[in-house]
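*Asks:*
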Amino acid sequence: NAGVTQTPKFQVLKTGQSMTLQCAQDMNHEYMSWYRQDPGMGLRLIHYSVGAGITDQGEVPNGYNVSRSTTEDFPLRLLSAAPSQTSVYFCASGRTFLGGYEQYFGPGTRLTVT
Amino acid sequence: GENVEQHPSTLSVQEGDSAVIKCTYSDSASNYFPWYKQELGKRPQLIIDIRSNVGEKKDQRIAVTLNKTAKHFSLHITETQPEDSAVYFCAGVINTGTASKLTFGTGTRLQVTL
Numbered sequence: 009n010a011g012v013t014q015t016p017k018f019q020v021l022k023t024g025q026s027m028t029l030q031c032a033q034d035m036n037h038e039y040m041s042w043y044r045q046d047p048g049m050g051l052r053l054i055h056y057s058v059g060a061g062i063t064d065q066g067e068v069p070n071g072y073n074v075s076r077s078t079t080e081d082f083p084l085r086l087l088s089a090a091p092s093q094t095s096v097y098f099c100a101s102g103r104t105f106l107g108g109y110e111q112y113f114g115p116g117t118r119l120t121v122t
Numbered sequence: 019g020e021n022v023e024q025h026p027s028t029l030s031v032q033e034g035d036s037a038v039i040k041c042t043y044s045d046s047a048s049n050y051f052p053w054y055k056q057e058l059g060k061r062p063q064l065i066i067d068i069r070s071n072v073g074e075k076k077d078q079r080i081a082v083t084l085n086k087t088a089k090h091f092s093l094h095i096t097e098t099q100p101e102d103s104a105v106y107f108c109a110g111v112i113n114t115g116t117a118s119k120l121t122f123g124t125g126t127r128l129q130v131t132l
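Protein sequences, first through last, are from chains U and L.
In terms of the numbering used here, the numbers along the first sequence are unbroken and rise by one, the last being 122.
In terms of the numbering used here, the numbers along the second sequence are unbroken and rise by one, the last being 132.
What follows is the structure in structure tokens.
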């Protein structure tokens, strides 16, 4: 079991460029999420999905798109990168159980936009 | 939506002392409260959780308490060790039956000094 994997680990973009951050999980979890982590601001939810074909916005969705065509994959697309999107991005997958919710994070992608 | 506040933002204790981190939540629908530990440069990892029908849970040196009436929950670490040094995040989860969303606190940086 690889768990949650993310690629790339590091990325530098120029303002206006686009790119896709990849995320995959092999635990057959129905839930997948993308967070960004900035100093002093904790983890903020960008987009999430409750199953293949179903996505919804989180707290900070502007500038990002997602799709979920399979249970395993949940890519995050930056359409036109801006310096404000410099951050560490974590993908997570999870499942509900009676009275609770287990969520596991990927290793993260450190993105710098110049 | 849910709002989770976490205090203190930084905490320094001597090895062997206890550490307490406190969180409050706003939405009474929150019914599950996980705690994550994030070491420098690594992903957040679940260390303990508590469900809304439980007042206290303990796992070796860590324990969590929940006061539903006051809408606050706390993480207690006893006999702290240098390897406990990390950033700790609390979270509140609302399970609606069709979706589960985590809202994180802003984190507490714990430093255990020798």
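In this text, a Cβ means the ideal position worked out from N, Cα and C, and glycines have one as well.
Predicted model, so just to flag it, every value in this text is computed and none were measured.
In terms of alpha-carbon separation, which member of L/R61, L/A47, L/T87, L/E74 lies closest to L/A104?
*Replies:* Residue mapping note: residue 104 of chain L aligns to position 86 of the second sequence, counting from 1. Comparing Cα positions, the closest option is L/R61.
*Asks:* Among U/G48, U/W42, U/G59, which one has its Cα closest to the Cα of U/P83?
*Replies:* Here residue 83 of chain U is taken as the residue at index 75 of the first sequence, counted from 1. Closest by alpha carbon: U/W42.
*Asks:* Find the nearest neighbour of L/R79 within the set L/R127, L/S36, L/A109, judged by alpha-carbon distance.
*Replies:* Taking the first residue of the second sequence as position 1, residue 79 of chain L is located at position 61. Among L/R127, L/S36, L/A109, the Cα nearest to that of L/R79 is on L/S36.
*Asks:* Quick one: using the 10 Å Cβ neighbour count with 16 as the cut-off for buried, is U/M40 buried or exposed?
*Replies:* Start at 1 with the first residue of the first sequence, and residue 40 of chain U comes out as number 32. Per the 10 Å Cβ criterion, buried.
*Asks:* Any beta carbon of chain L sitting closer than 9 Å to that of U/P16?
*Replies:* Position 8 of the first sequence, counted from the first residue, corresponds to residue 16 of chain U. No, because no Cβ of chain L sits closer than 9 Å to the Cβ of U/P16.
*Asks:* Could you name each continuous alpha helix (DSSP H) segment of 4 residues or more that falls completely within the region 22 to 68 of chain U, going from the start of the chain to the end?
*Replies:* Runs of the alpha helix (DSSP H) inside the region 22 to 68 of chain U: none found.
*Asks:* Can you give me the Cβ contacts of L/A81 inside the same chain, cut-off strictly under 7 Å, excluding the 5 residues immediately before and after it?
*Replies:* For the purposes of this step, residue 81 of chain L is taken as residue 63 along the second sequence, with counting starting at 1. For L/A81, where only same-chain residues beyond five positions count, the Cβ hits under 7 Å are E74, K75, H94.
*Asks:* Mind pulling the chain L residues with CB within less than 9 Å of U/G48?
*Replies:* Counting from one through the first sequence, the residue named residue 48 of chain U turns up at place 40. Correct list: S27, T124, G125.
*Asks:* Express the C-alpha separation of U/D64 and U/G24 in angstroms, rounding to a whole number.
*Replies:* For the purposes of this step, residue 24 of chain U is identified with residue 16 of the first sequence, where counting begins at 1. For the purposes of this step, residue 64 of chain U is identified with residue 56 of the first sequence, where counting begins at 1. Looking at the two C-alpha atoms, the distance is approximately 24 Å.
*Asks:* Tell me where the beta strand (DSSP E) around L/A81 begins and ends.
*Replies:* Along the second sequence, read from residue 1 onward, the residue named residue 81 of chain L stands at position 63. Its beta strand (DSSP E) spans residues 80 to 85.
*Asks:* Going by C-alpha distance, which of L/L58, L/Q56, L/S92, L/K55 is nearest L/R153?
*Replies:* Beyond the ends of chain L as shown, which are 19 and 132, falls residue 153 of chain L; an answer cannot be given.
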